[in-house]
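Those letters in the sequence shown? Residues 21 to 88, per the working numbering, in order.
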Amino acid sequence: MKAVDIRTKSADELNDQLIQLKKEQFNLRFQKASGQLENTARVTTVRRDIARIKTILGERARSADAGK
């Protein structure tokens with residue numbers, strides 16, 4: 021997922037997507053612990069997507085605070 025795609029979404033959509041990614045991250049951790057994880061690169065991808073979403077949500081929050 022690219023940052024440009026994330027910036028076009030609303031805050032509600034980003035929060036929903038963040039919840040989905042955290043659930044996926046949780047499931048990937050369980051798969052890794054039980055030895056069933058096949059695509060190990062997906063763990064890194066999900067982690068980075070979570071970070072991207074949190075960064076953009078933080079930027080929006082800061083810009084809203086600066087506007088007050």
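C-beta atoms are modelled at their ideal positions from N, C-alpha and C, and glycine is treated no differently. Please read these numbers as outputs of a predicted model, since none were measured by experiment.
Asked	Found
First through last residue of the alpha helix (DSSP H) which encompasses Ser54	31 to 54
Neighbourhood of Arg80 by C-beta distance below 7 Å, restricted to the same chain and skipping five residues each side	Ala31
Beta-carbon proximity check, Leu38 vs Ile73, cutoff 8 Å	yes
Cβ-Cβ separation, Ile70 to Ile26 (assumed contact under 8 Å), whole Å	Not quite, the Cβ-Cβ distance comes to about 11 Å (not below 8 Å), so this is no contact.
Integer-rounded CB distance, given that Val66 should sit under 8 Å from Leu41	6 Å
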